[in-house]
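Trainee: There's a structure below that I have some questions on.
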Amino acid sequence: MSDARKTVFSLNQLPQPDHVIDRLPPVFRIQSIERLPFDARNLLNVAVVFHERAVLRVEWLCRHPDSRLTVGSLVSIRWLGRPTSTLGAIRIARLVKLERPEASLNPFDTVPHAWVRDRELVARAGRFWESLSRPLQHLFNAVFWEPRRFQRYLEGPSSLQGHHNGRNGNFRHALEVAERARTLGSHHAEVHLPVLIAASLLHDAGKAEEYKFNPVRCRYEMTERGALLGHKHTILEWIAAARAQHRVIVPEAHYLALLHAITAAKGAPDWLGLREPLSLDAHILSTVDRLSGQADLVSRHAARDGGFGAYHRHLGGRPYVVRE
């Protein structure tokens, strides 16, 4: 056998690299975690981590538990070489909590099914996030890097007794607004679509702190912050804090346009400190926001066979529809 043939034969006998880890997502969200006694010195950590492309059950040993690892946290996996499974769990070195927002992570890829059961909603949101500019993606992630805030944004209602008042109602409303805004905005060169879509996704996000679920009464109720400040003030706080804390660099013109679209109010007097819509983005957002709310109420209170439906005070009367 020639030296060349010997060389080829020897290389073919080498172990091939394992590409399983390379095919897995770099970031997961903790879906569940428990810590069990293992021996006199170690604890056994068992966690289920979620990504839309993979759900893994992992385990690792440690002497001192990392209290930062909680349900909902975004983490990366430190591997122990090639993944091996023991009784259905993959042995790893540890999970590492990601303290700072990753600009490249689509957060809607890490939404557990328990938070939003309608996966088409999540997929639509993910596509909207992908359409944002990288600075606005980074800003969105920075606002919602805290897991409980993101969960409440996805799970909570848009109102207590008005439109979209059910589970995931505010999330569903945000997507409806974004879809209608994109449809209108795509016809006008003066519209900045990434700013308009970001404003659509964020305009009512502060309601995550405006309403809180009361497990005793099994219903959502107004919080003190909601009663005293309101959701517009809250989202402005979140955006400003996220921008400063995580050093999110957004062009000043885009930043001002985003805040203007979120806060501008038709008919607001100057002395109130609010401003009339001056950008087409702000006009469109105001219009489709109202349309989404009205359409939800009409669909829920319209008569099945047409004509006048049931009264709702936010509609100012009984909705009338033609079914023929």
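Numbered by full-length UniProt numbering, the letters in the sequence shown go through residues 1 to 324 in order. We treat Cβ as the ideally placed atom computed from N, Cα and C, and that holds for glycine.
(1) Just to confirm the assignment: which complete beta strand (DSSP E) runs, minimum length 3, are found wholly within the segment 33 to 68?
(2) Thinking C-beta only, is Ile-235 closer than 8 Å to Gly-206?
(3) Where does Asn-165 fall in DSSP's three states?
(4) Just how far apart, CA to CA, sit Leu-24 and Val-55?
(5) Using a 10 Å radius around the Cβ and a threshold of 16 neighbouring Cβ atoms, would you call Arg-217 buried or exposed?
(6) Tell me which same chain residues have a C-beta within less than 6 Å of the C-beta of Gly-309, skipping the five on either side of it?
(7) Across which residues does DSSP place His-312 in a beta bridge pair?
(8) I'd like to check one pair, Pro-194 with Ser-279: are the Cβ atoms closer than 8 Å?
(9) I'd like to confirm the pairing. Which residues does DSSP put opposite residue 330 in its beta bridges?
(10) Identify whether Leu-95 lies in helix, strand or coil by the three-state DSSP scheme.
(11) Excluding the 5 residues preceding and the 5 following Trp-79 in the sequence, name in chain order all residues of the same chain whose CB lies nearer than 8 Å to its CB.
(12) Can you name the start and end residues of the beta strand (DSSP E) that Glu-210 belongs to?
(13) Got a sec? Which residues, its chain only, sit under 6 Å from Glu-209 by beta carbon, not counting five neighbours each side?
(14) Would DSSP call Ala-89 helix, strand or coil?
(15) Could you have a look at Glu-221 and say whether DSSP puts it in helix, strand or coil?
(16) Does DSSP classify Trp-115 as helix, strand or coil?
(17) For Gln-31 and Ala-40, what's the separation of their Cα atoms in angstroms?
(18) Distance, Cα to Cα, Leu-87 vs Ser-131?
(19) Between the beta-carbon of Pro-107 and the beta-carbon of Phe-150, is there less than 8 Å?
(20) Could you check what DSSP says for Gly-307 in three-state terms: helix, strand or coil?
(21) Indicate the three-state DSSP secondary structure (helix, strand or coil) for Asn-141 in the structure shown.
(22) Under a three-way DSSP split, which group does Asn-214 fall into?
(23) Closer than 7 Å by C-beta to Glu-324: which residues in its own chain qualify, once you throw out the five before and the five after it? Chain order, please.
(24) For Glu-176, is the classification buried or exposed, using 16 other Cβ atoms within 10 angstroms of its Cβ as the cut-off for buried?
(25) Just tell me which of Pro-157, Tyr-255, Asp-109 has its CA closest to the CA of Ala-198.
(26) Who pairs with Trp-79 in a beta bridge, going by DSSP?
(27) Between Pro-135 and Val-27, is the Cβ-Cβ spacing less than 8 Å?
(28) Using the rule of at least 16 other Cβ atoms within 10 Å of the residue's Cβ for burial, across every protein chain shown, is Ser-159 buried or exposed?
(29) Below 8 Å on the Cβ atoms is my contact criterion, and I expect Leu-69 with Ile-33 to pass it. Report the Cβ-Cβ distance as a whole number of Å.
(30) Using the three-state DSSP reduction, which class does His-192 fall into: helix, strand or coil?
(31) Among Val-116, His-173, Arg-63, Val-58, which one has its Cα closest to the Cα of Glu-52?
(32) Once DSSP output is grouped into helix, strand and coil, what is the label at Thr-84?
(33) How close, in whole Å, do the beta carbons of Leu-139 and Arg-243 come, if the pair is a contact with beta carbons under 8 Å?
Mentor: Answer, in terms of the structure:
(1) 43 to 51, 54 to 62, all fully within the segment 33 to 68.
(2) At a Cβ-Cβ threshold of 8 Å, Gly-206 and Ile-235 count as neighbours.
(3) Coil, per DSSP.
(4) Each residue's Cα considered, the two are about 10 Å apart.
(5) By the neighbour-count rule (16 or more Cβ atoms within 10 Å), Arg-217 is not buried but exposed.
(6) For Gly-309, where only same-chain residues beyond five positions count, the Cβ hits under 6 Å are His-301, Ala-302, Ala-303, Arg-318, Pro-319.
(7) Residue pairing by DSSP places His-312 opposite Gly-317 in a beta bridge.
(8) Taking 8 Å as the Cβ cut-off, Ser-279 and Pro-194 do not qualify as a contacting pair.
(9) Residue coverage of the chain in this structure runs from 1 to 324, which leaves residue 330 outside it and unanswerable.
(10) In the structure shown, Leu-95 sits in a strand (DSSP, three-state: E or B).
(11) Non-local beta-carbon contacts of Trp-79 in its own chain, meaning distances under 8 Å to residues more than five positions away in sequence, involve Ile-21, Ile-92, Ala-93 in chain order.
(12) Where Glu-210 is concerned, there is no enclosing beta strand (DSSP E), although the alpha helix (DSSP H) it sits in stretches over 207 to 210.
(13) Once the five neighbours on either side are set aside, the close Cβ partners of Glu-209 are Arg-225, Thr-234.
(14) DSSP, read as helix, strand or coil, puts Ala-89 in strand.
(15) For Glu-221, the three-state secondary structure derived from DSSP is strand.
(16) Trp-115 falls in the coil class under three-state DSSP.
(17) Between Gln-31 and Ala-40, the C-alpha separation is close to 28 Å.
(18) In this model, Leu-87 and Ser-131 are separated by some 41 Å (Cα to Cα).
(19) Between Pro-107 and Phe-150, the C-beta gap is smaller than 8 Å, which places the two residues in contact.
(20) Gly-307: strand per DSSP, three-state reduction.
(21) Helix.
(22) Three-state result, Asn-214: strand.
(23) If you ignore the 5 residues before and after Glu-324, its C-beta comes within less than 7 Å of the C-beta of Gly-306, all in its own chain and listed in chain order.
(24) Flag for Glu-176 reads buried.
(25) Checked all of Pro-157, Tyr-255, Asp-109; the closest Cα to Ala-198 is Tyr-255.
(26) Ile-92.
(27) Not in contact: Pro-135 and Val-27 (Cβ atoms no closer than 8 Å).
(28) Around the Cβ of Ser-159, a 10 Å sphere holds 16 or more other Cβ atoms; the residue is buried.
(29) Taking a contact as a CB-CB distance under 8 Å, the pair Leu-69 and Ile-33 counts as one, their CB atoms being some 6 Å apart.
(30) In the structure shown, His-192 sits in coil (DSSP, three-state: anything other than H, G, I, E or B).
(31) By alpha-carbon distance to Glu-52, the top candidate from Val-116, His-173, Arg-63, Val-58 is Val-116.
(32) Under the three-state reduction of DSSP, Thr-84 is assigned to coil, being neither helix nor strand.
(33) That belief holds up - the Cβ atoms of Leu-139 and Arg-243 are roughly 7 Å apart, short of 8 Å.
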